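Okay, so here's the structure we're looking at.
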Amino acid sequence: MPLTDMTDTTKDDTMHADTHTSGRPPRLTVVGTGYLGATHAVCMATLGYQVLGVDVDAAKVEALVDGRVPFHEPGLPQALDEALASGRLDFTTDFARAADFGDIHFLCVGTPQQPGSHAADLRFVDDAAAQLAARITRPALIVGKSTVPVGTAARLRELVRTLSPAGEGLELAWNPEFLREGFAVQDTLRPDRLVFGVASAHAEQALRQVYDPLLEEGTPLIVADLPTSELVKVAANSFLATKISYINAMAEVCEAVDADVGVLARALALDERIGGRFLRPGLGFGGGCLPKDIRAFQHRAQEIGAGEAVRFLDDVDAINARRRTRTVDMVRDLAGGELLGTRVAALGAAFKPNSDDVRDSPALDVARRLQLEGADVVVYDPEAAENAHRVHPDLPLAASLSEALDGSHVTVLLTEWEEFQAAQPEALGALVSRRRVLDARHALDGDRYLEAGWEYRTLGRPVTAGVGSPRGRSEPGPGEQEQLLPTAPAPSAQAAPLRL
Ligand code: UGA
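For the record, in the sequence shown the residue sitting at position 74 is 73 according to numbering that gives the first Met the number 0, with numbers rising by one throughout.
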């Protein structure tokens, strides 16, 4: 929707009546400027709104004001530049300014796992809501986007109304976010669906107005009550985690009988009812979302007396953890049974490619375990080195792929960066001491590695399936596999930000 249309407020004046915006489009604040909040703030400005991002971290605010995105997210730096240049986006640490500025306030702060518990840590959500509410003096809407245990939104609705001088004039809604790191801009501007969790018609109307540009483009909308909207998010992430662990459980079975999980996954994916997305076997899931979300869901389910219903998520988590152990075991096998003194090139530290996020990263976890067993590990990641160093300062990092491979006895691919997939096995072979590779992400072309004289192993597949190939004759190469088992689109296919 063009910007000029957005200022045409004659179509729906409900929001203006209720929030006293006097005929202008609502002004937005976005509290929390991490992956979710920074992306949301930039995208809302891209859609034509005046947006103020708020964070307690002055360094983050300073970086964003200077046009620097403090994490790796393809497409976001350019979108930030354009939004800042438009004059519609600013950032602050000042909650009073935010409360005064905004008609609609999005809460995008983190809900990490509590130390020593599976529960979500709601301190940041509670603080942000309270800080804001205490300063909001006129009718406004707070919209939670963070992933929270069911029941949080209803509790916060009461809390903010009690704290705010605006009282009942302050409304709260929930609008879960489904963006993937690495595709954050695209997922925000062209989401699969929008979910509005609301407790009043006013909240629904305000959300409809703010998301009108996306609704106009045909984005499906689900309007729900507050608890259902909270559950949609955790149910979605639990389903995705379950699908990944399902195929990895099949990998375990395949390993017991020398069957090939790559071929199995391909055959399953051709059944449209099953589908190939999130059916890619390998080292399993990590990151700041799926692992902690399935644990927090279980924890909350127990609290509300529905623990049995999601007990299976324990297994989903356990299967995922076993893939990491299996990877360490296979590296040890490739090293001849002894890791002490073995030089291992660990390729990847990020939890997935196109991200510098190392939170609960399977890659970093495996590298660290190999090191603890006495291996001489060198890690290389194109983007996540700095974050990896922050978490494990004593884990040696290489500045390049060739530096990591130099003299290695075993190479293990842990994150499927394009750089690793594009590398030539022959050229890599010239760098290493021994041509032995474990492909823990099913990302390399095993035939080419075998042809180049490498010992090639991967999870869930026989050492030599088919004739001379670890993948077996009928399985396509990585490029074709991507079509049959579509995961995320290639970064190059990422849509450009909407221009208005
Ligand atoms: C995930 C969800 O996909 C998003 O929809 C959600 O909004 C987000 O969490 C969130 O809660 O904020 P993200 O954490 O960015 O997004 O990462 P994913 O793309 O889901 O990947 C998660 C992990 O699963 C990665 O470690 C990836 O390597 C692994 N994975 C994914 C597999 O092992 N196999 C697959 O087939 C797919």
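No residue lacks a Cβ here, since even glycine has one placed at the ideal position from N, Cα and C. It should be emphasised that the depicted structure is a prediction, and the values quoted were computed from it without experimental measurement.
| Validate contact between the stretch 27–37 and the stretch 59–69 using beta carbons, cut 8 Å, 3 pairs | yes
| message | Considering Cα atoms alone, identify which of P69, D259, R276 and D292 is closest to L521. | response | With the chain represented from 0 up to 499, any question about residue 521 goes unanswered, as that position is not in the structure.
| Of all the options G335, G406 and T410, which has the alpha carbon lying nearest to the alpha carbon of A366? | T410
| task | For the beta strand (DSSP E) containing A165, list its first residue and its last residue. | result | Here A165 belongs to no beta strand (DSSP E), and DSSP marks it neither H nor E.
| query | CB of G286 to nearest heavy atom of the ligand SAH: below 7 Å? | reply | Among the ligands modelled here, namely the ligand UGA, the ligand SAH does not occur.
| request: Give the C-beta separation of D375 and G336 to the nearest angstrom, bearing in mind that I take them to be a contact with Cβ-Cβ under 8 Å. | output: Not quite, the Cβ-Cβ distance comes to about 16 Å (not below 8 Å), so this is no contact.
| query | What's the call for P392, buried or exposed, on a 16-neighbour Cβ count within 10 Å? | reply | exposed
| task | Output the residue ranges of the beta strand (DSSP E) runs that lie fully inside the stretch 389–452 and measure 3 residues or longer, sorted by chain position. | result | 409–412 and 435–438
| task | Sort A139, D313 and H71 by Cα distance to H117 and report the nearest one. | result | D313
| message | Extract the residue ranges of the alpha helix (DSSP H) inside the stretch 204–256, only unbroken runs of 4 or more that lie entirely within it. | response | 211–215 and 225–256
| query | Which residues in the same chain as N386 place their Cβ atom closer than 6 Å to its Cβ, once the five residues preceding and following it in sequence are excluded? | reply | D355 and V357
| Which residues in the same chain have their Cβ closer than 7 Å to the Cβ of G274, if we skip the five residues on either side of it in sequence? | A268
| message | Counting C-beta neighbours from all protein chains within 10 Å, is the total for R456 16 or more, i.e. buried, or is it exposed? | response | buried
| message | In whole angstroms, give me the CA-to-CA distance for R160 and P138. | response | 11 Å
| request: Express the C-alpha separation of F284 and A255 in angstroms, rounding to a whole number. | output: 22 Å
| request: Can you give me the start and stop residues for the alpha helix (DSSP H) that H71 sits inside? | output: No alpha helix (DSSP H) contains H71, which DSSP labels as neither H nor E.
| Strand pairing of G335, partner residues [DSSP] | BP columns for G335 are empty, so no partner.
| Given L225 as reference, the closest of L214, L206 and G196 once Cα atoms are compared | G196
| task | Helix, strand or coil for M329, going by three-state DSSP, please let me know. | result | helix
| Are three or more beta carbon pairs between the stretch 310–326 and the stretch 388–405 nearer than 8 Å? | no
| What do you reckon, is the C-beta of K291 under 7 Å from a heavy atom of the ligand UGA? | no
| task | Report the option in D444, R433 and L282 whose CA atom is closest to the CA atom of E417. | result | D444
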